[in-house]
Amino acid sequence: MKQDGGKLARMHELVTQLSQAARAYYQESRELMTNLQYDQLYDELLSLEAETGTVLSGSPTQQVGYEILSALPKEEHESPMLSLDKTKDEGALLGWLGAQRALLSWKLDGLTVVLSYRDGALQKAVTRGNGLQGEVITANARMFRNVPLRIPFQGELVLRGEALIRYSDFQKINESIPEAEAQYKNPRNLCSGSVRQLDPGVTRERAVYFNAFALVKAEGVDFRNSREAQFRFLAAMGFDVVEYVPVTAENLLQELHHFEARIAENDFPSDGLVLLLEDIAYGESLGATAKFPRNAIAFKWGDETRETVLREIEWSPSRTGLINPVAIFSPVELEGTTVSRASVHNVSILKALKLGVGDRITVYKANMIIPQIAENLTESGTSEIPAHCPVCGAETELHRENEIETLLCPNPDCVIKKIKRLALMTSRDALNIEGLSEATLEKLIAAGFIHEYADLFRLERYRAEIAALEGFGERSAEKLIAAAERARRTTMTRFVYALGIPGIGLQNAKMLNRHFRGSVERFRAAAEEELCEIEGIGEVLAHAIRVFLDDAEHARLMDALLQSLSLAEAEEDAGSVAAERFAGKTFVITGSITHFKNREALKEYIEARGGRAAGSVSAKTSYLINNDKESASSKNRRARELGIPVLSEEDFLKLAEGSESNADSDSE
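When we follow the working numbering, the leftmost residue of the sequence shown carries the number 372, and every step to the right adds one.
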């Protein structure tokens, strides 16, 4: 059979593109293209393979998982871990099911992990890896928030599940990272990096959860040929099992639409559904292809896309010097909200999309959350890479690393870097100087009133000049100076976070505060070895802290700033009974708030007392806080189903004062 040279050339090109993108996504937790673009190219390759009858060596249609390159130990799986075939066609899904019974569940978007137990104890955890060989992450799995370390079953037990990070925790972690380019692109990438690394303390800090979705082995247990019986067994052992419903052809589409309606309110990342045959023996008798088992199939919803016009490429500098492209387009409605901008991430993606002002583009929300460009319909490719920094005018530099091109401003005195650093320092979780937005900081720096950190607390000397600035006045100047005065009294947690030490977010700052009991002097004098011993720090962060503290200019700036501050011992670290009031308790907040300034203030109150604020109700939730306790909201319904007390704010405050029994009885 004569082959079409053009089609084969295109297949070689697709194999290269897809393999590079998969390697970046799975192994290095970064993106070369959007998920939608990857799926489109993958489907094109699959179609060409079917048309030509040729499958090239290394084709991603024949591969599962990622290539193993990290320093973690490796181990072969007892049986291959295959991917799932997928469809976006409801009719095809019905045809696949036929007259069989099945379980319909979420297809979770995290990192697949295999857990092994023996004599009731967790013995081993291994990632899926390339499907044949995975990475041993047992120490990290012990840090997952909901993995039982011991179970009542004493025989050998092997199960599979998905490690994931919830959207609420993902957002919280990103909010602790001031520079946009350093923030994580999606929960899946963050989870992969959190699970597949060498410091279990990082895994603990990142709030990784595990949802079981398959039982591989349970020595000596008869499940009477039922997958649902296996799921119930795992739940009885203490595992969180992926949510599922039994279906037949009669109710499949109804339940599918029920799942779809809940996507927007989910706190966990999902990229579709899984349909798994209930009859174990029948499903296994179907066997598998080289890549897919035949007892299950994935259903992926088509992303809602809208066509619009690219109006501008905005180049956004950061405090680290990276200058990131952002697409500005005519506003469109997507998944219930209006969007008009999307990150293009880096120069490589900008070039790949061939973007230019005036192009007609289609946009969507990845996992119904994050705006992305799906396709450029006109591909003018007229966007120019700025030759000069849009802020300071210095000549920009293009950097290439691991096939990724980024744009950099090399000027150490670029004013945007100073503005971004000071914006972090004055932010709510740092020194919290109200009214000092980036725009205000820019005016004060340009006027010569602020040169370094300590100048934030020397504004009184420029009261008249500030009042005379455009957009100000005597009242505005007075409020700004008063806000700075209030911010003088702070805590070590806020101070350390405000410094912007690479890798040190708010949670790390809290751990450092707790360890050094509010003493900045002890913190600054601590050796790298002592820092390594602190929960959640580890060698890499300890080294980064020590390098920062040992820098002479950083030390000078800190000395000057500390002369303007009064550091109080943080309440959370005082060792009081109140500080541990909510230890081990998880709260979910919904509805309007009246006793606190906002939900964030209530979350801080909970965390200061040793508790945790989560985004969704689960079996691990201790209390749901809702002033409308009779609400028919999904969270209230879920709490009632699980027997979780619903507290008003008054109930909650009683609980905080120690009247737990009263609060519980009031909530019934």
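Every residue gets a Cβ at the ideal spot worked out from N, C-alpha and C, and that includes glycine.
With a cutoff of 8 Å on beta-carbon distance, Leu465 and Ala667 are scored as not near each other. One Cα belongs to Ile787, the other to Leu693, and the distance between them is close to 11 Å.
When the beta-carbon positions are compared, Arg860 and Ala984 stay at least 8 Å from each other. Counting the other CB atoms within 10 Å of its CB gives Val566 a total of 16 or more, which places it among the buried residues. Looking at the DSSP output, Arg952 sits in no beta bridge, so it has no partner there. Nearest neighbour of Leu840 by Cα position, chosen from Ile699, Arg829, Lys814 and Gly462, turns out to be Lys814. For secondary structure counted as the alpha helix (DSSP H) over 4 or more consecutive residues, the segment 813 to 874 holds these complete runs in sequence order: 834 to 838, 845 to 858 and 863 to 869. A straight line joining the alpha-carbon of Ser808 with that of Ala794 spans about 7 Å.
Three or more beta-carbon pairs separated by less than 8 Å are not found between the segment 680 to 690 and the segment 627 to 638, which leaves the two stretches without contact. Contact check for Ala825 and Ser935: beta-carbon distance about 5 Å, within the 8 Å limit, so the pair qualifies. By the Cβ neighbour-count rule, Tyr488 is buried, with 16 or more other Cβ atoms within 10 Å of its own. Here Gly481 carries a coil assignment [DSSP, helix/strand/coil]. Take Leu769, set aside five residues on each side of it, and the residues of its chain with a beta-carbon closer than 8 Å to its own are Val718, Ile756, Glu776, Thr777, Leu778 and Leu779, in chain order. If you ignore the 5 residues before and after Phe594, its C-beta comes within less than 6 Å of the C-beta of Ala600 and Gln601, all in its own chain and listed in chain order. In the DSSP assignment, the residues bridged to Lys445 are Glu506.
Nearest in C-alpha terms to Glu675, of all of Arg970, Leu627, Ala661 and Glu631, is Glu631.
Contact between Val613 and Phe581 does not hold, since the beta-carbon distance rounds to 10 Å and is not under 8 Å.
Secondary structure note for Pro451: it is in no alpha helix (DSSP H), with a DSSP letter that is neither H nor E.
Val386 counts as buried, since no fewer than 16 other beta carbons sit within 10 angstroms of its beta carbon. In the three-state reduction of the DSSP assignment, Tyr580 falls in the strand class. The Cβ-Cβ distance between Ala854 and Val867 does not fall below 8 Å.
At a cut-off of 3 residues, the continuous stretches assigned as beta strand (DSSP E) that sit fully inside the segment 638 to 689 are 641 to 648, 667 to 670 and 677 to 688. Counting only residues of its own chain and dropping the five nearest sequence neighbours on each side, Lys725 has a CB closer than 8 Å to the CB of Asn747, Glu750, Ser751 and Gly752. Rounded to whole angstroms, the Cβ separation of Ile875 and Ile916 is 7 Å, and the two are in contact under 8 Å. Taking the Cα of Leu995 as reference, the smallest distance to any Cα among Pro1016, Glu422 and Asp611 is reached at Pro1016. Residue burial is scored here from C-beta neighbours: Arg537 has at least 16 other C-beta atoms within 10 angstroms and is therefore classed as buried.
Residue state for Pro761 is assigned as coil, using DSSP reduced to three classes. Burial is judged here by how many other beta carbons sit within 10 angstroms of a residue's own beta carbon; Asn695 has at least 16 and is buried. Per the coordinates, the alpha-carbon of Leu586 lies some 4 Å from the alpha-carbon of Leu530.
By the neighbour-count criterion, in which a residue is buried when 16 or more other Cβ atoms sit within 10 angstroms of its Cβ, Gln625 is exposed. Shown here, Asn695 sits in a strand according to DSSP, grouped into three states. Straight across, the Cα-Cα distance linking Ser539 with Ser641 is about 14 Å. Following the DSSP letters along the chain, one finds Gly532 inside the beta strand (DSSP E) bounded by residues Leu528 to Ile536.
Around the Cβ of His448, a 10 Å sphere holds 16 or more other Cβ atoms; the residue is buried. Between Val579 and Arg516, the C-beta gap is smaller than 8 Å, which places the two residues in contact. Its chain contains Cys763 and Ala765 as the residues whose beta carbon lies nearer than 6 Å to that of Asn782, once the 5 sequence neighbours on both sides are disregarded; these appear in chain order.
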